[in-house]
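Counting with the working numbering, you get residues 1 to 242 for the letters of the sequence shown.
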Amino acid sequence: MASFDSFEALSFDCYGTLIDWETGITKVIAGWPQPLGVALDREDILSAFAAHESMVQSAKPRTSYTEILRECAFLVADELGIKITDQQAAELASSVGDWPPFSDSVEALKLLSKKYKLIILSNVDRISFSRSNELLGTNFDLVITADDVGSYKPNSANFQLLIEKLSYLGIEKDRILHVAQSLFHDHFPAKSVGLSSVWIDRRAHLSGWGATPPPQGSVEPDWRFNSMADFATACIQQKRSN
Numbered sequence: 001m002a003s004f005d006s007f008e009a010l011s012f013d014c015y016g017t018l019i020d021w022e023t024g025i026t027k028v029i030a031g032w033p034q035p036l037g038v039a040l041d042r043e044d045i046l047s048a049f050a051a052h053e054s055m056v057q058s059a060k061p062r063t064s065y066t067e068i069l070r071e072c073a074f075l076v077a078d079e080l081g082i083k084i085t086d087q088q089a090a091e092l093a094s095s096v097g098d099w100p101p102f103s104d105s106v107e108a109l110k111l112l113s114k115k116y117k118l119i120i121l122s123n124v125d126r127i128s129f130s131r132s133n134e135l136l137g138t139n140f141d142l143v144i145t146a147d148d149v150g151s152y153k154p155n156s157a158n159f160q161l162l163i164e165k166l167s168y169l170g171i172e173k174d175r176i177l178h179v180a181q182s183l184f185h186d187h188f189p190a191k192s193v194g195l196s197s198v199w200i201d202r203r204a205h206l207s208g209w210g211a212t213p214p215p216q217g218s219v220e221p222d223w224r225f226n227s228m229a230d231f232a233t234a235c236i237q238q239k240r241s242n
């Protein structure tokens, strides 16, 4: 296994890894009319979202993420036995920029930016990401969204474009480390194109897969940490010891 010193660039998934999208999603959906007046279970909300989001993304790879969320809202509501209005669907679609960063994301990115080029490889559109980036307060060296690729992760084309763009900057594939929470969206396709990866297991103490579907097959990330703080600390400590 390579050491953290062998990498020049860290590519990040954003939502689920840096941004707490599960909290953001459930906050919006929990505000919808509840069936029989009974509060919806958080994991039921996330499971329904995971299934429908990935399905719509696969069917409409060139559709903006804002529209993906709008369509997904009606499908999730139907599965949960809820009737929602166009306005409520629009509220979910426009909520991305309100989803909060994890408490350790900003400081971890600040530390890592001293040693690596930082890249975003995200499944949203550029407008939505720009709002999230204001919360992260980070000047990323490169941002690649689904808008730029014309497909959504786990399509390997997103990772191929990442590799291609970094090669233009003189950074080869074996010098890229992909950092992500989702085994489905990120680790499985990243490993399929030969990238090293770090699993930020934000759900380490929870059961189920949350807002992401289960992975398409067996996948083994190269490293695993429960938080960005732990990952950043490990990187910086290794750098200092060498």
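The C-beta atom is built at its ideal place from N, Cα and C for all residues, glycine as well.
Looking at residue i: is its Cβ nearer than 8 Å to the Cβ of residue j?
| i | j | result |
| --- | --- | --- |
| Val250 | Pro221 | Coverage of the chain is limited to positions 1 through 242, which leaves residue 250 absent and any answer about it impossible. |
| Ile19 | Pro101 | yes |
| Ile119 | Ser11 | yes |
| Asp244 | Ser64 | The structure shown does not extend to residue 244, since the chain is modelled only from 1 to 242, so the question has no answer here. |
| Leu92 | Ile45 | no |
| Asp13 | Ser122 | yes |
| Ala232 | Leu112 | yes |
| Thr66 | Ser128 | yes |
| Glu8 | Lys173 | no |
| Ile68 | Val76 | no |
| Val219 | Lys191 | yes |
| Gln238 | Phe4 | yes |
| Ser196 | Ala2 | yes |
Quick check on the burial criterion: 16 or more other C-beta atoms within 10 angstroms. Buried or exposed for residue i?
| i | result |
| --- | --- |
| Tyr168 | exposed |
| His187 | buried |
| Gly170 | exposed |
| Arg62 | exposed |
| Glu22 | buried |
| Thr145 | buried |
| His185 | buried |
| Glu71 | buried |
| Pro189 | buried |
| Ser86 | It is worth fixing the name first, because residue 86 is Asp in this sequence and not Ser. Burial call: exposed. |
| Val38 | exposed |
| Asp98 | exposed |
| Pro154 | buried |
| Glu164 | exposed |
| Leu262 | No answer is possible for residue 262: the residues shown for the chain start at 1 and end at 242. |
| Gln160 | exposed |
| Leu109 | buried |
| Ser132 | buried |
| Glu107 | exposed |
| Leu162 | buried |
| Gly24 | buried |
| Ala89 | buried |
| Ser251 | Absent from the model: residue 251. The displayed extent of the chain is 1 to 242, so no value can be given. |
Kindly examine the ligand MN and report whether one of its heavy atoms sits closer than 7 Å to the Cβ of residue i.
| i | result |
| --- | --- |
| Asp41 | Looking for the ligand MN in the displayed structure turns up nothing, as the structure carries no ligands at all. |
Pull up the DSSP beta-bridge partners for residue i, would you.
| i | result |
| --- | --- |
| Pro101 | Ile19 |
| Ile176 | Ala9 |
| Val198 | Val179, Trp223 |
| Leu142 | Ile119 |
Between residue i and chain B, is there a C-beta pair that is closer than 8 Å?
| i | result |
| --- | --- |
| Gln181 | Within the model displayed, chain B is absent; a lone protein chain is all it includes. |
Cβ contact check for the region 42-53 and the region 207-217: 3 or more pairs under 8 Å: yes
Segments of 4+ residues assigned as alpha helix (DSSP H) that fall wholly inside the region 107-140: 126-136
At least three beta-carbon pairs within less than 8 Å, the region 4-20 to the region 173-185: yes
Segment contact flag, the region 123-142 with the region 81-89, C-beta cutoff 8 Å, min 3 pairs: No contact exists between the region 123-142 and the region 81-89.
Three-pair Cβ contact test at 8 Å for the region 216-235 versus the region 96-112: Result yes; three or more Cβ-Cβ pairs closer than 8 Å.
Completely contained alpha helix (DSSP H) runs for the region 45-84, where each covers 4 or more residues: 65-80
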